[in-house]
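Each remark here refers to the structure printed beneath this line.
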Amino acid sequence: MPSWNSQQYLKFEAERTRPCRDLIARIPLASPGRIVDLGCGPGNSTRALAERWPQAELLGIDSSPAMVEAAWRTRMRAVFEQHDIAHWCPLSARYNLVFSNAALQWVPDHARVFPQLLAVLAPGGCFAVQVPCNLDAPAHRIARELARSSTWRERFPAGGVREWYVHDAGFYYDLLAPRVAEFDLWQTTYQHVLPGPEAIVEWYRGTGLRPYLDLLSPEQQEEFLNEYGREIALAYPGQVDGRVLLPFDRLLLVATQAP
Numbered sequence: 003m004p005s006w007n008s009q010q011y012l013k014f015e016a017e018r019t020r021p022c023r024d025l026i027a028r029i030p031l032a033s034p035g036r037i038v039d040l041g042c043g044p045g046n047s048t049r050a051l052a053e054r055w056p057q058a059e060l061l062g063i064d065s066s067p068a069m070v071e072a073a074w075r076t077r078m079r080a081v082f083e084q085h086d087i088a089h090w091c092p093l094s095a096r097y098n099l100v101f102s103n104a105a106l107q108w109v110p111d112h113a114r115v116f117p118q119l120l121a122v123l124a125p126g127g128c129f130a131v132q133v134p135c136n137l138d139a140p141a142h143r144i145a146r147e148l149a150r151s152s153t154w155r156e157r158f159p160a161g162g163v164r165e166w167y168v169h170d171a172g173f174y175y176d177l178l179a180p181r182v183a184e185f186d187l188w189q190t191t192y193q194h195v196l197p198g199p200e201a202i203v204e205w206y207r208g209t210g211l212r213p214y215l216d217l218l219s220p221e222q223q224e225e226f227l228n229e230y231g232r233e234i235a236l237a238y239p240g241q242v243d244g245r246v247l248l249p250f251d252r253l254l255l256v257a258t259q260a261p
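Those letters in the sequence shown? Residues 3 to 261, per the working numbering, in order.
Here it is in structure tokens:
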């Protein structure tokens with residue numbers, strides 16, 4: 003699991019929270035009593051859940067101590083705990099909503115983990131997930147090409163860096179739809195308007211580049227980011243006002259159990 007910096011992540015809090023709010027809007031629950039936010043990060047997604055359902059009992063879970071600490075600092079009415087999502091399994095509790103915004107892409111073996119998470123739902127409960135699905139985007143392609151270049155390939159695994167674990171929509175439909183009463187699935191391309199190409203570098207420095215940067219020394223990280231930034235500036239040209247558009251594909255799903 004990559005390392006995390008909550009301050010770096012929150013540089014784009016509004017943009018990162020927008021898909022979370024879109025997912026919440028499609029959840030067909032009037033008043034879920036118990037909600038767990040898997041991969042809660044610094045608490046931005048948990049806050050959105052608390053705003054939608056202020057009476058719910060909220061638990062936020064993240065594998066990063068830094069993120070859990072940042073979430074506690076928000077002082078919102080929720081409990082935050084450090085756990086590995088891949089192995090999290092409550093002993094007796096059942097949840098009306100198991101929610102995850104941009105976290106499960108870091109967890110391997112979705113064929114095992116997703117049904118395991120469905121199993122902790124109460125009758126009529128929902129499993130709601132948003133994951134990025136843009137590994138073919140220039141920002142990811144550039145990182146892979148740099149890692150394979152003669153300058154950098156000795157610093158990375160021969161088989162390449164595993165960025166994350168995401169399947170196509172058909173995989174999730176076949177995995178989840180037969181197990182639930184209702185299944186909603188959609189994909190959206192967000193067009194994030196950013197000040198310039200350097201903002202794209204900062205965006206990915208907080209998320210998608212973590213598997214690469216974690217393998218480098220601080221000096222090597224800066225060198226890698228400088229090369230990455232030069233390529234990003236070519237791949238994402240500015241608009242008429244100098245700002246850039248960052249297209250970002252995301253897959254969202256809501257699986258609802260029978261009452």
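We put the CB at the ideal spot given by N, CA and C, even for glycine.
Pick from the options that is closest to residue i, judged by C-alpha positions
| i | options | result |
| --- | --- | --- |
| residue 168 | 110, 186, 143 | 110 |
| residue 193 | 50, 171, 174, 248 | 248 |
| residue 85 | 59, 117, 42, 209 | 42 |
| residue 39 | 33, 27, 222, 59 | 59 |
| residue 76 | 88, 137, 52 | 52 |
| residue 44 | 36, 31, 33, 81 | 81 |
| residue 257 | 69, 174, 156, 241 | 174 |
| residue 66 | 237, 136, 108 | 108 |
| residue 37 | 79, 24, 19 | 79 |
| residue 19 | 134, 88, 33, 126 | 134 |
| residue 188 | 155, 232, 251, 161 | 251 |
N-terminal and C-terminal residue of the alpha helix (DSSP H) that residue i is part of
| i | result |
| --- | --- |
| residue 26 | 15 to 27 |
| residue 96 | That residue, residue 96, is in no alpha helix (DSSP H); it is neither H nor E in DSSP. |
| residue 65 | Careful: residue 65 lies outside any alpha helix (DSSP H) and carries neither H nor E. |
| residue 49 | 46 to 54 |
Residue i and residue j closer than 8 Å at C-beta
| i | j | result |
| --- | --- | --- |
| residue 213 | residue 103 | no |
| residue 147 | residue 210 | no |
| residue 48 | residue 73 | yes |
| residue 131 | residue 93 | no |
| residue 97 | residue 120 | no |
| residue 208 | residue 246 | no |
| residue 234 | residue 171 | no |
| residue 218 | residue 157 | yes |
| residue 117 | residue 260 | no |
Assigned secondary structure, residue i (DSSP; H/G/I helix, E/B strand, else coil)
| i | result |
| --- | --- |
| residue 131 | strand |
| residue 139 | coil |
| residue 257 | strand |
| residue 249 | strand |
| residue 231 | helix |
| residue 36 | strand |
| residue 31 | coil |
| residue 244 | coil |
Unbroken beta strand (DSSP E) runs of length 3 or more, entirely within the stretch 146 to 228: which are they?
Here the runs fully enclosed are 184 to 196.
In chain order, each alpha helix (DSSP H) run of at least 4 residues that lies wholly inside the stretch 79 to 124:
Within the stretch 79 to 124, the complete alpha helix (DSSP H) segments at least 4 residues long are 112 to 120, listed from N- to C-terminus.
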